[in-house]
Amino acid sequence: MSAAGEAEVAPPRSGVLVTFRESPRAVKALLFGVLVNKLGAFLQVFLVLFMTSRGIDDVRAGFALGAYGAGSVLGVLVGGTFSDRIGPRRTIVLGMLATAPLLVAVLYVRVYPALLASVVVVSVLSQVYRPAAAALLAEYTPEHRQVMVFAMYRLALNLGTTAAPLLGVALAAVSYDLLFWGEALASLGYAAIAAFVLPRSADAVGRSRDATQRGTGRGGYLAVLADRRFAAYLVAMLVNAAVYTQYLSTLPLAMRDAGLATLWYGVVVAINGAMVICFELLMTRVVQNWPARLVLAIGFTLLGGGFACYALPGGLAVFVIGTLLWSLAEIIEGPTMFAYPAKAGPERLRGRYLGAAHAMFGVGSALGPMIGVPLWAQLGPAAWVVFGAASVIALAPAWYGVGRAR
Numbered sequence: 000m001s002a003a004g005e006a007e008v009a010p011p012r013s014g015v016l017v018t019f020r021e022s023p024r025a026v027k028a029l030l031f032g033v034l035v036n037k038l039g040a041f042l043q044v045f046l047v048l049f050m051t052s053r054g055i056d057d058v059r060a061g062f063a064l065g066a067y068g069a070g071s072v073l074g075v076l077v078g079g080t081f082s083d084r085i086g087p088r089r090t091i092v093l094g095m096l097a098t099a100p101l102l103v104a105v106l107y108v109r110v111y112p113a114l115l116a117s118v119v120v121v122s123v124l125s126q127v128y129r130p131a132a133a134a135l136l137a138e139y140t141p142e143h144r145q146v147m148v149f150a151m152y153r154l155a156l157n158l159g160t161t162a163a164p165l166l167g168v169a170l171a172a173v174s175y176d177l178l179f180w181g182e183a184l185a186s187l188g189y190a191a192i193a194a195f196v197l198p199r200s201a202d203a204v205g206r207s208r209d210a211t212q213r214g215t216g217r218g219g220y221l222a223v224l225a226d227r228r229f230a231a232y233l234v235a236m237l238v239n240a241a242v243y244t245q246y247l248s249t250l251p252l253a254m255r256d257a258g259l260a261t262l263w264y265g266v267v268v269a270i271n272g273a274m275v276i277c278f279e280l281l282m283t284r285v286v287q288n289w290p291a292r293l294v295l296a297i298g299f300t301l302l303g304g305g306f307a308c309y310a311l312p313g314g315l316a317v318f319v320i321g322t323l324l325w326s327l328a329e330i331i332e333g334p335t336m337f338a339y340p341a342k343a344g345p346e347r348l349r350g351r352y353l354g355a356a357h358a359m360f361g362v363g364s365a366l367g368p369m370i371g372v373p374l375w376a377q378l379g380p381a382a383w384v385v386f387g388a389a390s391v392i393a394l395a396p397a398w399y400g401v402g403r404a405r
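Now the structure itself:
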């Protein structure tokens, strides 16, 4: 075989550093922009404290936080539509430019209904970038490297999410106003990166896709839902998110009822964060070219097994082992799960496929505590077996959803 022939069959180099170094400038800019934006994401974390400091009671402040979450789900759906219609680059720029002044305006709204409406609008606009950014990552990344690039995207999100509360505490110690100004500046920074670094050709691609969509008749999210396999995949994402979010709602109750101090809950959550930040890229290097079915089968099983483990007797050791298991599930399945929607449907609907996936995960995250906490109150430790079984059962629609060659 000639050297040229050998070069053709050689496996692609898809290591972490090689992937990042050989990625186009647009991909690096997107990753940096997401990190900048998440470093300034203070509103959701400090919303309840801000509103109660204004004399608003706890119940109404909690309702506002729930409304923020609902607005976030709507935001990714809107972002998916705009990404396909006007282009992902323009969607990011407009979304971030609109978010900044509205964030500052929230400071000057005193009447609760108006404040609630302002928070919802901000949450919608602040999330429209997510399907647009994911669409661009898929656009500019070869398919064999997309899982790794989405792992880098998740790392940027996780680093920002971890650091933002620490930065927010420092700003809030001076004034809550600085939180809003800080997030507004982060939004403007992301808008500037998107406007001046991302290629304008990305918007032309979006308009071309939209024109193609109009010519085919059925479009929008109806076309996404008409894809039965992807609809099944969305169901699997919803269940996966509902189970995953139990670590925020049911786990602290379980550890408290087991007689463990709050400190230990903080420790197990820190274990999860450390594993995701330190090891997800390394794990992705191993699994990035595995079949999606295999990755999801391992991930959903480990997720269910980790939470079911909490039902066993054994005290703190059981909580640590269970957390290690479902954290391993997250770093195995996470990049593949969020990269898959970008290639699941036709290119003309890429933004909407991504928007639907992000929205479904958000809905599952919202429903999880609403289901999990009452279930814990009724069943006690046996509730963990239900959560584990739900994750394993959800593998069926996930398996069906990714089974067809796209």
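Its first residue numbered 0, the sequence shown is counted upward by one per residue in numbering that gives the first Met the number 0. Yeah, the Cβ is synthetic: ideal placement off N, Cα and C, and Gly gets one too.
Item	Value
Determine the closest residue to Ala-382 out of Pro-334, Ile-270, Met-282, Ser-248, with distance taken between C-alpha atoms.	Ser-248
Hey, Ser-390 and Gly-265: beta-carbon distance below 9 Å or not?	no
Assign Asp-176 to one of three DSSP states: helix, strand, or coil.	helix
Is the Cβ-Cβ distance between Val-72 and Val-127 less than 9 Å?	no
So what's Thr-140 in DSSP terms, helix, strand or just coil?	coil
Ile-270: which of Met-254, Leu-262, Cys-308, Leu-323 sits nearest, CA to CA?	Leu-323
Got a sec, what are the start and stop residues for the alpha helix (DSSP H) Phe-81 sits in?	57-85
For Arg-88, count neighbouring C-beta atoms within 10 Å of its own C-beta (all shown protein chains included) and say buried if the count is 16 or more, exposed if not.	buried
Count the other CB atoms within 10 Å of the CB of Tyr-67; is the residue buried (16 or more) or exposed (fewer)?	buried
At the level of alpha carbons, what is the spacing between Ala-194 and Gly-181?	20 Å
What is the rounded straight-line gap between the Cα of Gln-145 and the Cα of Gln-43?	29 Å
Would you kindly work out how many angstroms separate the C-alpha atoms of Ala-63 and Ser-117, rounded to a whole number?	10 Å
Expressed to the nearest angstrom, what Euclidean distance is found between the alpha-carbon atoms of Leu-16 and Gly-78?	30 Å
Pull up the CB-CB distance for Gly-305 and Ala-328, whole angstroms please, since I reckon it's below 8 Å.	6 Å
When you compare only the Cα positions, how much space is there between Leu-184 and Gln-377?	46 Å
Below 8 Å on the Cβ atoms is my contact criterion, and I expect Glu-279 with Gly-333 to pass it. Report the Cβ-Cβ distance as a whole number of Å.	7 Å
Would the segment 339-347 and the segment 361-373 be scored as touching if the rule is three or more Cβ pairs under 8 Å?	no
What is the DSSP secondary structure of Ser-22, reduced to helix, strand or coil?	coil
Can you give the beta carbon distance from Arg-84 to Val-223, rounded, assuming they're within the 8 Å contact cut?	Their Cβ separation, rounded to whole angstroms, is 14 Å, which puts Arg-84 and Val-223 out of contact at 8 Å.
Can you tell me whether DSSP reads Asn-288 as helix, strand or coil?	coil
Can Leu-106 and Asp-176 be called in contact, C-beta distance under 9 Å?	yes
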